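Below is one structure; the comments refer to it alone.
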Amino acid sequence: MSERLLEKLSILADAAKYDVSCSSSGSNRKNENKGLGDSKGMGICHAYTEDGRCVSLLKILLTNHCIFDCAYCVSRKSNDIKRAAFTVQEVVDLTINFYRRNYIEGLFLSSGIFSNPDYTMERLVLIAKKLRTEHNFHGYIHLKSIPGASDELMHQAGLYADRLSVNIEMPTKESLAVLAPDKKREDMIRPMQYLKTAIEENRDDQKTIKKVPRFAPAGQSTQMVIGASPENDLQILWIADQFYKKMKLKRVYYSGYVPISTDNRLPAVGTPVPMIRENRLYQADWLMRFYDFKAEEIVTPEEPLLDMEIDPKLNWALRNMNQFPLDINKADYHMIVRVPGIGIQSAKKIVSARKFSTLRWDHLKKIGVSLNKTKYFITCKLDENRKQFDPLQIRQMLLAEAASKYKANFSPQIKLF
Amino acid sequence: MTVLVYDGSLGGLLTAIFDIYEYKLSDASVRKAEETSYSLFGQTRTIHTDEEKAQRVWKKLEDKLSRPALGQFYKTYLSELPGIEDPLIRYVRYVLSAKGSVENDYSHPDVLTVQQTSRKVHREKHRMEAFVRFQLTKDRLYYSIIQPDFNVLPLIRKHFTDRYADQKWLIYDSRRKYGLFYNLEVVEEVEMEFAINTADPSQVAHLLDEKEELWQKLWQQYFTSVNIPARKNMKLHIKHMPKRYWKFLPEKQPVKDNRIDPPAAA
Ligand code: SF4
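So the sequence lines, in the order shown, correspond to chains F and Z. Numbered according to this note's numbering, the first sequence spans residues -13 to 403. Numbered according to this note's numbering, the second sequence spans residues 30 to 295.
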């Protein structure tokens, strides 16, 4: 019994790990009636894998049996691998027992498609429902919705889950047609659209009516696989931007393609995972969501690729040297956060500290600003005769300084700036 | 220079601050009783913790500081760093003497120290919320042993109280020899001695619920299976999970039997 469960877990956790999302934040579900769990705070990473990724949720597939044959996916029908399926009760027990031991924040459940989308989605919903109603569980639940599932099931899912996601997987319709011929883009866009409307209505209702049930309090997200298909960064960021604006997604995840197939439509096994590119996309995404950058400021039709050597914020600054140097004691907050090397925290501290005294370089250093980058873009009052550098010189000096750092492999959770 | 020696409690520290103002001890330094070597330099004076004095100082701080800043003061105190009292006291002096609010004046060294130390303590709090691992005993107690760098039990209390309302639990700080115990009604601070060596699995085993080992094994399996070897990055792994915490984490224990390694290319 336990041996079989171990084996299932190894297969179904292994198959789920390529979905990079592990966020457990953004919900507002409190522990009620002396139940189990609480997901009102920021999500916690309870462990980190040896590849440095956060482990916050029990992320598994209900089954890796699948009737579809998406080329980029390990679970595809034609792949000769071991198959397994959990029972509903097994998933419930694993979640509860892991949660009680403080291993996890909750469950992230996805599945291959067996028999048909609705049949599969029904099982996922049933698990979430059991956790909530039979176990009084208030931990985090993320359900991945199965492309093509009915609106009614999506609605049910929203009642029990904190977050729902529909993975778009391929950035464009064309790539989807090549690599996932069983899937139609509409099958993903339609449930996204449905969720967007349902979430908005629910938030409106909550403002006016008291006892409205929660509906996906942590919103919806999606994921795109990067590097399995030919799209450039301009296309990818443009699509992400559309999702944020039109579908009101909470997050778009970028998953560097891990070569798992000898299929000649795809990069060969052994091709390195595009980790730097993935990291640059996260940085760019971050700039759009928190730093008020527009997609078209980050990549342009003339330069549709993110620079692999320097981060997108530095890249933007070097292309816009006419806006610098900034006087750190006077400049607007919105410009200060745009200075390479200054993050939101430091920008806030600068704005608040300069009310008390005129800031000098040593103040900035103590506040935690890394001057090696910043110095090219700001002035302090007492610093008059500064040297002028052109963008290319700055780029080269920074690259020389950081040579080793930038060559290293890195993954999305390295500090972003 | 006078050295005020206090018992290490928050009340004691606040009493010391009260006395500094009361007796105009402008160049006084404050130290915990256990750091006695300081008494070698000059005069010492023992502070007797006085709740009323402490309350008055706390009130004063509440008036002058925002809630987050008050929290920073408290967290910095909980760092228990040797000599942290001095910047804390200079911080209080600066705050109380200023007309307006100066808690965000990061160009002031003590404001910065308080802010930065409290961040470290906060990070440790966060780590403990992440790295506490409960084990279930036969009498249905979920217990966990921790050794945090700072005294964070008071800070994590609310988090665990909110989260685990339907199970009995104990989180024990074996460095500071006290713990938090939830009996399904309230959370209490408890001091206790263990009759066994809790770090030795063979001594603990017979106390544990019969399924405890299975759940730990499953968790280890999960931890192994979610790893993507093609993306291995041990530096990052260790940065996020510093080695000193490993001994309390089942997922970082040597693989016992039958853990299934992920297939090489899948
Ligand atoms: S439908 Fe999902 S599980 Fe099935 S092959 Fe495609 S991506 Fe994989």
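Yeah, the Cβ is synthetic: ideal placement off N, Cα and C, and Gly gets one too. Predicted model, so just to flag it, every value in this text is computed and none were measured.
Below-8 Å beta-carbon distance, residue i vs any chain F residue
i, result
"PHE163(Z)", "yes"
"GLU217(Z)", "no"
"SER95(Z)", "no"
"ARG169(Z)", "no"
"MET263(Z)", "yes"
"TRP244(Z)", "yes"
"ARG152(Z)", "no"
"LEU237(Z)", "no"
"ALA259(Z)", "yes"
"HIS77(Z)", "no"
"ALA294(Z)", "Any reading at ALA294(Z) is ruled out, since the residue's pLDDT is 41, under 50, leaving its predicted position unreliable."
"LYS276(Z)", "no"
Beta-bridge partners of residue i, as assigned by DSSP
i, result
"HIS128(F)", "PHE94(F), ARG149(F)"
"THR31(Z)", "GLN72(Z)"
"ARG60(Z)", "VAL34(Z)"
"LYS200(Z)", "The residue you asked about is not Lys; residue 200(Z) is Ile in the sequence shown. According to DSSP, ILE200(Z) bridges with SER173(Z), LEU209(Z)."
"SER25(F)", "ARG15(F)"
"ARG237(F)", "SER207(F)"
"ILE46(F)", "LEU95(F)"
"GLY242(F)", "ILE212(F)"
"PHE474(F)", "Outside the displayed span of chain F (-13 to 403) sits residue 474(F), for which this structure offers no information."
"GLN164(Z)", "TYR172(Z)"
Residue i: contacting residues in chain Z (beta-carbon distance under 9 Å)
i, result
"VAL41(F)", "TYR251, PHE252, VAL255, GLU280"
Contact list for residue i against chain F, beta-carbon separation under 9 Å
i, result
"LYS272(Z)", "Those do not exist, as LYS272(Z) stays about 12 Å from chain F at its closest Cβ, beyond 9 Å."
Proximity test, Cβ basis, 8 Å: residue i and chain Z
i, result
"PHE342(F)", "yes"
"HIS349(F)", "yes"
"CYS366(F)", "no"
"ILE353(F)", "yes"
"MET210(F)", "no"
"ALA57(F)", "no"
"LYS63(F)", "no"
"GLU36(F)", "yes"
"ASP24(F)", "yes"
"VAL323(F)", "no"
"ALA339(F)", "yes"
"VAL244(F)", "yes"
"LEU385(F)", "no"
"VAL259(F)", "yes"
"ALA214(F)", "no"
"LEU(-8)(F)", "yes"
Heavy atom of the ligand SF4 within 7 Å of residue i beta-carbon
i, result
"ARG62(F)", "yes"
"ILE46(F)", "no"
"PHE72(F)", "no"
"CYS366(F)", "no"
"ASP166(F)", "With the sequence shown as reference, residue 166(F) is identified as Ala, and Asp is not the correct amino acid for it. Yes, since a heavy atom of the ligand SF4 falls inside the 7 Å radius drawn around the Cβ of ALA166(F)."
"ASP5(F)", "no"
"GLY100(Z)", "no"
"ILE99(F)", "yes"
"ASP37(F)", "no"
"ASP55(F)", "yes"
"CYS52(F)", "yes"
"CYS59(F)", "yes"
Amino acids of chain Z, ordered along the chain, whose beta-carbon sits closer than 8 Å to that of residue i
i, result
"TYR268(F)", "Under the 8 Å cutoff, chain Z gives no residues; its nearest Cβ is about 14 Å from TYR268(F)."
"ILE30(F)", "HIS155, GLU158, ALA159"
"SER241(F)", "Neighbours of SER241(F) on chain Z: none; closest Cβ ~10 Å, over 8 Å."
"GLU76(F)", "By Cβ distance, chain Z contributes nothing, its closest Cβ being about 10 Å from GLU76(F), past 8 Å."
"ASP335(F)", "The sequence given here places Lys at residue 335(F); Asp does not occur at that position. Per Cβ cutoff of 8 Å: ASN133, TYR135."
"LEU80(F)", "LEU247"
Where residue i falls: helix, strand or coil (DSSP)
i, result
"ARG86(F)", "helix"
"TYR171(Z)", "strand"
"SER147(Z)", "helix"
"ALA83(Z)", "helix"
"MET261(F)", "helix"
"ASP139(Z)", "helix"
"LEU117(F)", "helix"
Neighbour list for residue i in chain Z, Cβ cutoff strictly below 7 Å
i, result
"GLY21(F)", "ALA194, ASP195"
"SER(-12)(F)", "LEU243"
Residues that residue i contacts on chain F, provided the C-beta gap is smaller than 7 Å
i, result
"LEU141(Z)", "LYS352"
"ASP191(Z)", "ASN17, ASP24"
8 Å Cβ cut-off: residues of chain F touching residue i
i, result
"TRP248(Z)", "PHE84, ARG87, TYR89"
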